[in-house]
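Numbering of the sequence shown is given in this note's numbering, commencing with residue 5 and proceeding in unit increments. The beta carbon of each residue, even a glycine, is placed where N, CA and C say it ideally should be.
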Amino acid sequence: MLNIILFGPPGSGKGTQAALLVAKYNLEHTSTGDLLRAERAAKTPLGLQADKYIKSGELVPDGVVVGMIHNKLTEKASEVQGFIFDGFPRTVAQAEALDNLLAERNLKIDLLLSLRVPEEELVKRLLERGATSGRKDDRDESIIRNRVVVYETKTAPVADYYAKQGKLVTINGVGPLEVINQALCEEIDAVNTSTYSS
Ligand code: UDP
Ligand code: MG
5 MLNIILFGPP GSGKGTQAAL LVAKYNLEHT STGDLLRAER AAKTPLGLQA
55 DKYIKSGELV PDGVVVGMIH NKLTEKASEV QGFIFDGFPR TVAQAEALDN
105 LLAERNLKID LLLSLRVPEE ELVKRLLERG ATSGRKDDRD ESIIRNRVVV
155 YETKTAPVAD YYAKQGKLVT INGVGPLEVI NQALCEEIDA VNTSTYSS
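Now the structure itself:
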């Protein structure tokens, strides 16, 4: 099993890079943002509850997203080679819950890869994405800036939490997609090799 958290602010390229990594390492892509949007599209009670948070760029309550991850692990953990968590955990409480859910299954996070991108580049990228993606939270600069603030205040401490476990690696997220992908792969391969040799 290889379990990776792909971390970084909104617009840092997590979804794009996750797609490349799941294909290369045969991992299960787990994006809570995508799961929440699917619930909303299906008009489930959970999706309707999540909508008001997504609209304003605030975080959906911990219990809701942890519940979705619990379901995902129960469904998939026995049949996949590992998970890439994209956009989760978003709070330290979620990180603790994730570690517990994994530990109950004798699993753990191997690596947190954090993509570093300056705020002005994030805003530019998200507004560009908003022009085509249909995501309303990518069209409004004030919602985008709020998401960045929420990231800095509530989510960035998750990197410190995993740094204390010796699992944080920061990667420059500005530049050609292939170069960033290469840098991520080198870090994953380093962890994979040490797993095999120990
Ligand atoms: N969201 C959340 N918790 C999650 C994932 C998503 O609260 O674990 C909500 C939050 O309102 C966020 C929105 O969904 O602003 C979009 O999240 P996503 O991860 O898709 O956005 P990205 O950071 O990739 O642009
Ligand atoms: Mg995303």
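What residue range does the beta strand (DSSP E) around residue i cover?
i, result
"Ile9", "Ile8 to Phe11"
"Val173", "Leu172 to Asn176"
"Leu119", "Leu115 to Arg120"
"Ser35", "Glu32 to Ser35"
Going by C-alpha to C-alpha distance, which of the options sits closest to residue i?
i, options, result
"Glu32", "Phe89, Lys171 and Pro161", "Phe89"
"Arg129", "Thr197, Glu145 and Asn30", "Glu145"
"Leu102", "Thr78, Gly19, Arg44 and Leu131", "Thr78"
"Thr34", "Lys168, Leu106, Phe92 and Leu105", "Phe92"
"Asn196", "Tyr29, Val162 and Pro14", "Tyr29"
"Gly179", "Thr159, Pro122 and Gly138", "Pro122"
"Val96", "Ser60, Leu52, Arg143 and Asp66", "Asp66"
"Lys76", "Pro49, Arg109, Ala46 and Tyr57", "Arg109"
"Leu117", "Leu39, Cys189, Pro14 and Val154", "Cys189"
"Val154", "Gly61, Leu172 and Val84", "Gly61"
"Ser137", "Val64, Gly15 and Ile175", "Gly15"
"Ile58", "Lys171, Val162, Ile148 and Ala163", "Ile148"
In terms of residue numbering, what span does the alpha helix (DSSP H) encompassing residue i cover?
i, result
"Asp142", "Segment: none, Asp142 is in no alpha helix (DSSP H) and carries neither H nor E."
"Tyr155", "That residue, Tyr155, is in no alpha helix (DSSP H); it is neither H nor E in DSSP."
"Asn4", "Nothing can be reported for residue 4: it is not among the residues displayed for the chain, which extend from 5 to 202."
"Ala54", "Pro49 to Ser60"
"Glu79", "Asp66 to Lys80"
"Lys28", "Lys18 to Tyr29"
"Glu123", "Glu123 to Ser137"
"Val162", "Ala160 to Ala167"
Any idea which residues DSSP pairs residue i with across the strands?
i, result
"Phe92", "Bridge partners of Phe92: none, in fact."
Given residue i, which residues of its chain have a CB within under 7 Å of its CB, disregarding the five upstream and five downstream residues?
i, result
"Leu181", "Thr20"
"Gly134", "Asp142 and Arg143"
"Met5", "Gln85, Gly86 and Leu111"
Using C-beta distances below 6 Å, list every residue in its chain close to residue i, excluding the 5 sequence neighbours before and after it, in chain order.
i, result
"Ala22", "Leu10, His33, Ile88 and Asp90"
"Leu106", "Lys112"
"Gly37", "Gly91"
"Arg139", "none"
"Gly71", "none"
"Lys80", "Glu32"
Whose C-beta lies closer than 8 Å to the C-beta of residue i among residues of the same chain, with five residues either side of it excluded?
i, result
"Ser202", "Confidence is the limiting factor: at Ser202 the pLDDT is only 45, short of 50, which leaves the residue's position unreliable, though a coordinate-based value still follows. Within the same chain, Ser202 has no close Cβ partners at all."
"His74", "Leu105"
"Ile8", "Leu25, Leu31, Gly86, Phe87, Ile88, Phe89, Ile113, Asp114, Leu115, Leu116, Leu117 and Ile192"
"Ala42", "Gly51"
With a threshold of 8 Å between beta carbons, is residue i in contact with chain B?
i, result
"Leu106", "Considering every chain present, this structure includes no chain B. It has just one protein chain."
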